[in-house]
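In what follows, a structure is listed as structure tokens, so that the remarks can point back to it.
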Amino acid sequence: NAGVTQTPKFRILKIGQSMTLQCTQDMNHNYMYWYRQDPGMGLKLIYYSVGAGITDKGEVPNGYNVSRSTTEDFPLRLELAAPSQTSVYFCASREQTSGRRETQYFGPGTRLLVL
Amino acid sequence: DQQVKQNSPSLSVQEGRISILNCDYTNSMFDYFLWYKKYPAEGPTFLISISSIKDKNEDGRFTVFLNKSAKHLSLHIVPSQPGDSAVYFCATLTQGGSEKLVFGKGTKLTVNP
Chain D
171 NAGVTQTPKF
181 RILKIGQSMT
191 LQCTQDMNHN
201 YMYWYRQDPG
211 MGLKLIYYSV
221 GAGITDKGEV
231 PNGYNVSRST
241 TEDFPLRLEL
251 AAPSQTSVYF
261 CASREQTSGR
271 RETQYFGPGT
281 RLLVL
Chain E
21 DQQVKQNSPS
31 LSVQEGRISI
41 LNCDYTNSMF
51 DYFLWYKKYP
61 AEGPTFLISI
71 SSIKDKNEDG
81 RFTVFLNKSA
91 KHLSLHIVPS
101 QPGDSAVYFC
111 ATLTQGGSEK
121 LVFGKGTKLT
131 VNP
């Protein structure tokens with residue numbers, strides 16, 4: 171059981187380039203999330219999805235796009251990379267239940283450097 | 021403005037002693053709190069949680085205390101072990117079905133042998 175996997179582990183981008191951060195979970199979780207963590211800061215929510223075909227913005231969505239065509243995959247797209255997007259990106263997922271607070275499970279992260 | 025605050029960036033303790041990590045929050049509507057642990061180059065992993073209907077939750081060496089009137093929670097680790105060295109994040113869940121996590125900045129705990 172792999173849990174939440176993310177690729178790539180590390181990437182260097184030039185300003186203006188684009189890329190997609192991949193996230194896959196094998197736990198059949200409906201809820202998936204993208205967070206970024208800047209140095210010395212906590213994680214901030216970029217986008218989230220409550221199921222295939224449904225996505226919504228989090229706290230810091232500008233400069234990013236997401237899609238959710240399957241339950242397993244939740245890719246994050248950067249269209250025009252900027253130095254401010256240098257960060258570590260974490261994908262997470264959780265079960266959907268009613269009346270109970272479920273734990274979010276995190277992937278290992280993608281470290282992105284924009285130069 | 022931070023909704024969840026961890027005012028101590030770092031903490032160093034001796035092996036076998038107690039580690040106390042603190043967290044403050046601003047919104048009295050928050051009703052569920054979590055602690056996540058993070059090792060370098062890994063994602064955060066869930067450690068322990070507490071609902072606002074309780075003031076204490078214990079799991080092995082880890083205990084979380086909640087003081088609602090002070091909007092304060094703390095994580096106690098007893099006894100501390102070198103393997104506990106990590107960054108600890110306090111977090112809360114927003115209301116509603118999407119249940120988004122709001123994190124503090126984290127406290128780096130170092131347990132010295």
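From first to last, the protein sequence lines stand for chains D and E.
Counting from 1, position 24 in the first sequence corresponds to residue 194 in this note's numbering; the numbering is continuous, with no gaps.
Counting from 1, position 35 in the second sequence corresponds to residue 55 in this note's numbering; the numbering is continuous, with no gaps.
We put the CB at the ideal spot given by N, CA and C, even for glycine.
Check: Same chain, Cβ closer than 6 Å to D/Ile286, neighbours up to 5 away in sequence not counted; Outcome: No answer is possible for residue 286 of chain D: the residues shown for chain D start at 171 and end at 285.
Check: Residue-chain proximity (D/Tyr218, chain E), Cβ-Cβ < 8 Å; Outcome: yes
Check: Same chain only: Cβ atoms within 7 Å of E/Ser71, ignoring 5 sequence neighbours per side; Outcome: Asp51, Tyr52
Check: Neighbouring residues, chain E, relative to D/Gly228 (Cβ below 7 Å); Outcome: Lys120
Check: Cross-chain neighbours of E/Lys125 in chain D, by beta carbon under 9 Å; Outcome: Gly210, Met211, Gly212
Check: Members of the stretch 194-209 of chain D near chain E, C-beta cut-off 9 Å; Outcome: Tyr201, Tyr203, Tyr205, Gln207
Check: Coarse secondary structure for E/Ser89, derived from DSSP in three states; Outcome: coil
Check: As assigned by DSSP and simplified to three states, the class of E/Gly103; Outcome: helix
Check: Where E/Glu62 meets chain D, residues with beta-carbon distance less than 9 Å; Outcome: Phe276, Pro278, Gly279
Check: Segment contact flag, the stretch 190-208 of chain D with the stretch 254-266 of chain D, C-beta cutoff 8 Å, min 3 pairs; Outcome: yes
Check: Cβ-based neighbour list, D/Tyr184, same chain, cut-off 8 Å, excluding 5 preceding and 5 following; Outcome: For the record, residue 184 of chain D in the displayed sequence is Lys; it is not Tyr. Hits under 8 Å: Ala251, Val284, Leu285.
Check: Top-ranked residue by Cα proximity to D/Pro231, from D/Leu191, D/Tyr205, D/Met189, D/Tyr275; Outcome: D/Tyr205
Check: Cβ separation of E/Thr112 and E/Val24, assumed to be a contact under 8 Å, to the nearest whole Å; Outcome: 6 Å
Check: D/Gln266 - DSSP class collapsed to helix/strand/coil; Outcome: coil
Check: For E/Ile68 and E/Asp75, believed in contact at Cβ under 8 Å, the rounded distance; Outcome: With a Cβ gap of about 14 Å, E/Asp75 and E/Ile68 do not count as contacting.
Check: Where D/Gly186 falls, given that 16 or more other Cβ within 10 Å makes a residue buried; Outcome: exposed
Check: Residue range of the beta strand (DSSP E) that includes D/Arg238; Outcome: Neither: D/Arg238 is in no beta strand (DSSP E) and is coded neither H nor E.
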